[in-house]
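Beneath this line is the structure, given in structure tokens, with notes to follow.
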Amino acid sequence: MPTSDSALLAPTRYSIAPFDPRAHLYEVAVTVDDPDPSGQGFVLPTWIPGSYLMREFARHFVSVRAQCAGAPVAIRKTAKNRWLAAPCAGPLTVTAHVYAYDVSVRTAYLDPNRGYFNGPAVFLCPEGREAAPCLVEVTPPADVTDGPWRVATTLPRQSGAPYGFGSFRAENYDELIDHPVATGTFALTAFEAGGVPHTVAISGRHDCDRERLARDLQRICAWQIGFFGGAPFDRYLFQVHAVGDGYGGLEHRTSASLVCRRDELPHAGAADIGDGYLNFLGLASHEYFHAWNVKRIKPAAFMPYDLSRENYTRQLWAFEGLTSYYDDLALVRCGLIGAERYLELLGKTISNVLRSPGRHVQSVADSSFDAWIKYYRPDENTLNAVVSYYTKGALVGCALDLTLRREGRATLDDLLRALWERHGQRGIGVPEDAVPRLACELAGRDLSDFFAHYVDGTEDPPLSSLLADFGVSLHTRAAEGDRDRGGKAGHGKPPRCSLGIRLGPEQRVAWVLRDGPAAAAGLSALDTLVAIDGIQATPEHLAAMLKRRAPGDIVEIHAFRRDELMAFDVTLGAAPADTCYLTLDPSPAPDVIARRDAWLLG
Ligand SMILES: [Zn+2]
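Residues 1 to 602 (this note's numbering) are what the sequence shown spells out, left to right.
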């Protein structure tokens, strides 16, 4: 049997090639020279670190066959993600066709214009050989329609020119599956931050001003490297895929995969940073911060990952929430945006949380634990029952930072650096109670009430009073329409009333506020509005009605529940003040200015 000492194990050999790009099929092979004499098992992960949902990658394996020295070997499934090959002397090769047509950053994609794959979606792991080195041959497609393809990955290269096809080597399976590979005719740009070479590979149609992008990303990366006192990698890659409509990112140890709208990328001649581009920079900043916080500073529960089942931690609020706090904070600290623009972003995050009644039902610690079945599996009841450990986690991070800063002994920066020194740099997992303990140690006092109320409890962190001590005023107002995400003062024309619903496409009710006016009258999520007071229920008519009528008025609503027409008399409520914006106090005391500058300027 193989031992756990990788030095004694022969490498596992992989190859991956486009088999039929038009049918979105890769051909992926894995070869074991000395298979288990009693029969060799092969398994595929069921989920991917950084995204807590059972993805069941095996469902896209459309055919699997095995052979030994040219002769077929029997292979059969023994579990949803496990294949068992009959005993043979070796070398044993298992070849699979893998369907790849997911544009997201999580699995795999292939068409005649572009390829992308994440290891867990395509590479079978031979059982007992998890520690063996892995050699991977990445082969170009036979015919491509769009110029010569190149390869962008941080998998350590063994052969082939830079960005060319060739062979790569990982120390073990864990490393193999943490370096996604992008292929195609992407645009490349490079910069250096903290003495480390960084590359951006942009695929998809776009007219990105790459020099501008490199300049701005450089500032963010340099700031983060300085924050942690050095880069924990010797190269870094941003894989960016530009699409018409889409958004998402996934962190890896030396790279990040990002999907963004092409109009969010900067275009030549754009003078300032628009909201879309700022959104993109925030995403890149977020995934980059993860290179420390979650890729190296990890929950003890993730060491090692068990990719065959759910792994539970109550700390995602710290790993995702604190990362969400710092992704935007990095933009102001590195000088890309000013304090007022940063406060706009923070105001949007506060608005997002204020509009989530589930925050009064679920704590961010519980949301972390149940991410597998709740946050990552949203439905029509999610807003009523679930809190985001990203957004509320970011506000908890902000409140903890301001609490520590106000007392003057420490900051959240110190806490992150201590986590890096004590856990990340030493490869020691973060125990479930480590963050509260560390915060108490740095503050020099008991902070258990803070964590009981805002992390394990469902209270809102007291941001209004905390921000006031930093010369920042928090205001709330009613939303002025579906596109009003907050962060700015309104235009003075908010609706007076609310139904307590959110309308989706085709007048379908996406969500009903529990205990709100519509719910009290009997309307349900997934009902389809037909008429309001006898007039067709269009979004425009609904918005106009909510401005014209007064709280307490009764409106008659007709709606289909499935195929049955129903009528409801709804007593309108007052429009909730669930939209936040922040302003800098005009003339704060000198000590307040000093505190505010230390927070926002670092
Ligand atoms: Zn994240």
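We put the beta carbon where it would ideally sit given N, CA and C, even for glycine.
Leaving out five residues before and five after residue i in sequence, what residues of the same chain have Cβ atoms less than 6 Å from its Cβ?
| i | result |
| --- | --- |
| P2 | For P2, the predicted model reports a pLDDT of 44, less than 50, meaning its position is unreliable and no value from the coordinates is stated. |
| H502 | In the sequence as presented, His is not what sits at residue 502; that position holds Arg. For R502, where only same-chain residues beyond five positions count, the Cβ hits under 6 Å are A510 and W511. |
| R595 | F470 |
| A214 | T189 and F191 |
| L402 | L466 |
| I220 | S285, A330 and C334 |
| L601 | none |
| L44 | F57, A58, N81 and L124 |
| F42 | W83, V94, L124 and P126 |
For residue i, verify whether its CB is less than 6 Å away from any heavy atom of ligand 1.
| i | result |
| --- | --- |
| T313 | no |
| T391 | no |
| E310 | no |
| E340 | no |
| T323 | yes |
| E320 | yes |
Between the options, which lies nearest to residue i when the distance is taken from Cα to Cα?
| i | options | result |
| --- | --- | --- |
| A284 | G248, L416, A142 and R253 | G248 |
| G603 | A222, I557 and G50 | There is simply no residue 603 to check, as the chain begins at 1 and stops at 602 in what is shown. |
| P70 | P299, F61 and C88 | Before going on, a small fix: residue 70 reads as Gly here, not Pro. Comparing Cα positions, the closest option is C88. |
| R205 | A242, T189 and A182 | A242 |
| S498 | G487, P517 and R483 | P517 |
| Y390 | V364, L412 and R406 | V364 |
| D245 | V259, E459 and P180 | V259 |
| R13 | A574, D585 and V138 | V138 |
| Q315 | D327, I297, P45 and L331 | I297 |
| R311 | D370, Y173, Y342 and L400 | It is worth fixing the name first, because residue 311 is Asn in this sequence and not Arg. Per the Cα distances, D370. |
| V294 | L419, L442, D553 and P133 | L419 |
| P141 | A479, T95, F19 and R261 | F19 |
| F478 | N381, T579 and A318 | The sequence as given places Ala at residue 478; Phe does not occur at that position. With distances taken between Cα atoms, A478 lies closest to T579. |
| A66 | T93, P11, G321 and R169 | T93 |
| A574 | P495, A86, S464 and G486 | P495 |
| P37 | P126, A29 and P551 | P126 |
| V64 | V98, P35 and P45 | V98 |
| E459 | F233, T46, R150 and H360 | H360 |
| E264 | D275, S159 and S324 | D275 |
| D234 | R261, D216, A201 and V196 | V196 |
| V555 | R562, H541, E380 and D563 | H541 |
| S367 | D414, A399, G457 and G282 | G457 |
| V455 | Q362, I532 and D515 | Q362 |
| T199 | D597, Y163, A96 and D585 | Y163 |
Would you kindly report the start and end of the unbroken alpha helix (DSSP H) that includes residue i?
| i | result |
| --- | --- |
| F593 | As written in the sequence, residue 593 is Ile, which differs from the Phe given in the question. Taken as a continuous stretch (DSSP letters only), the alpha helix (DSSP H) holding I593 covers P590 to L601. |
| W223 | R210 to F228 |
| G516 | Counting along the chain, G516 falls outside any alpha helix (DSSP H), and DSSP gives it neither H nor E. |
| C398 | T391 to E407 |
| A284 | D275 to F289 |
| I350 | A339 to L354 |
| C88 | Where C88 is concerned, there is no enclosing alpha helix (DSSP H), given that its DSSP letter is neither H nor E. |
| Y173 | Y173 to L176 |
| H206 | Unbroken run through H206: none, as it is neither H nor E. |
Can you tell me where the beta strand (DSSP E) with residue i in it begins and where it stops?
| i | result |
| --- | --- |
| P156 | Taken as a continuous stretch (DSSP letters only), P156 belongs to no beta strand (DSSP E), as it is neither H nor E. |
| T538 | No beta strand (DSSP E) contains T538, which DSSP labels as neither H nor E. |
| K77 | I75 to A79 |
| G246 | Per DSSP, G246 belongs to no beta strand (DSSP E) and is neither H nor E. |
| H360 | That residue, H360, is in no beta strand (DSSP E); it is neither H nor E in DSSP. |
| F19 | T12 to D20 |
| A559 | I554 to R561 |
| G115 | R114 to F117 |
| Y581 | T579 to L584 |
In chain order, what residues of the same chain have a beta carbon less than 8 Å from the beta carbon of residue i, not counting five sequence neighbours either side?
| i | result |
| --- | --- |
| A603 | Outside the shown range of the chain (1 to 602) lies residue 603, about which nothing can therefore be said. |
| D111 | P21, R22, H24 and Y101 |
| L565 | V530, H558 and A559 |
| E73 | Correcting the residue type first, residue 73 is Val in the shown sequence and not Glu. Result list for V73: A66, Q67, A85, A86, C88 and L92, in chain order. |
| S448 | P436 and C440 |
| P588 | G471 and R596 |
Looking only at its chain, what residues have a beta carbon closer than 7 Å to the beta carbon of residue i, apart from the 5 residues adjacent to it on each side?
| i | result |
| --- | --- |
| I48 | R55, R106, N118 and P120 |
| Q224 | Y288, F289 and A330 |
| Y581 | G347, H475, G486, G487, K488 and A489 |
| R508 | L526 and T528 |
| I539 | Position check: residue 539 holds Pro in this sequence, whereas Ile was assumed. Within the same chain, P539 has close Cβ partners L503. |
| A410 | L404, L442 and A443 |
| L415 | L438, A439 and L442 |
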